[in-house]
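Novice: There's a structure below that I have some questions on.
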Amino acid sequence: MRNGKRVGVVIPARDEERAIERVLADIPAWADHVVVADNGSRDATAKVAASAGALVVSEPTPGYGGACLAGLAALPACDIIVFLDGDYSDFPEDISDLVDPIIGGDYDLVIGSRMMRPEDARELTPQQRYGNTLAVTLIRLIWGQRFTDLGPFRAISASALSSLAMADRDYGWTVEMQIKAAIKNLRCLDVPARYRQRIGVSKISGTVKGTVLAGAKILSVIARHALS
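For the sequence shown, this note's numbering gives the first residue as 2, with consecutive numbering after it.
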């Protein structure tokens, strides 16, 4: 608990046995609940996470959004929910930077932006930087909400998250959340987030196929909501 607010952490993970223990070890002790959603791992991700003290749930069908939804379904009641990747590219010890603006009552959704500091942006691949810039520019032009990144490291109040009725089960999860937040006029904030090279190979930016599929899905989510 932090300043009277219950904080839960959801970590979607697939084949992250080399990284997940380090991720869990760096989460602040005041986080009330940590759920790892094992997304069809072929390695010992689930076993390592359970041994490190996390609640582990299984979502065997690959898909980032589906794993997030499975983690949320298993998460005990919390006031604030943090989403964090299991590859150790983010800095879990910086969770306070995301949750404190919500605890203070000023914001509903806080995005950990990898694009606000040059030293962090340099750790992203060129296609990640281009894709993020294109997506957030479209969100600004269509809905008037300024973001700098679609980074997966984020915190949101439980009440705000419930109002969004999240549904995407794939690569569109992060952009869906930000679009719906803009549509509902949630109070949104980007804060600088430290970022480093992940442990292992990315399922998205690490392959041409993953990059193309993720980019197409993100643009399709933007188009669908814009047309609706």
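Glycine included, each C-beta is placed from N, C-alpha and C at the ideal position. Given the structure is predicted, the values throughout are model-derived calculations rather than measurements.
At what residues does the beta strand (DSSP E) containing S235 begin and finish?
Specialist: Only positions 2 to 229 of the chain appear in this structure, which leaves residue 235 out of reach.
Novice: Give the secondary structure of A136 by DSSP, where H, G and I count as helix, E and B as strand, and everything else as coil.
Specialist: helix
Novice: Name the two residues that bound the continuous beta strand (DSSP E) containing D112.
Specialist: Residue 112 is actually Ile in this sequence, not Asp. Note, I112: beta strand (DSSP E), L110 to S114.
Novice: Could you check which residue in A217, A122 and S163 has the C-alpha nearest to that of K181?
Specialist: The shortest Cα separation from K181 among A217, A122 and S163 belongs to S163.
Novice: What is the residue span of the beta strand (DSSP E) that V10 lies within?
Specialist: V8 to A14
Novice: Who are the near neighbours of T175 in its chain, counting only those whose CB is closer than 7 Å to its CB and skipping five residues on each side?
Specialist: L151 and P153
Novice: Examine the Cβ distances between the segment 131–141 and the segment 89–97 and report whether three or more of them are shorter than 8 Å.
Specialist: no
Novice: I'd like to know whether the C-beta atoms of G9 and D33 end up nearer to each other than 8 Å.
Specialist: Between G9 and D33, the C-beta spacing is below 8 Å.
Novice: Please report how far the alpha carbon of I112 lies from the alpha carbon of V192, in whole angstroms.
Specialist: 6 Å
Novice: Work out the CA separation of I12 and I103 for me, nearest whole Å.
Specialist: 20 Å
Novice: Might you give, ordered along the chain, the residues of its own chain that have their beta carbon closer than 6 Å to the beta carbon of S59, omitting 5 neighbours on each side?
Specialist: D39
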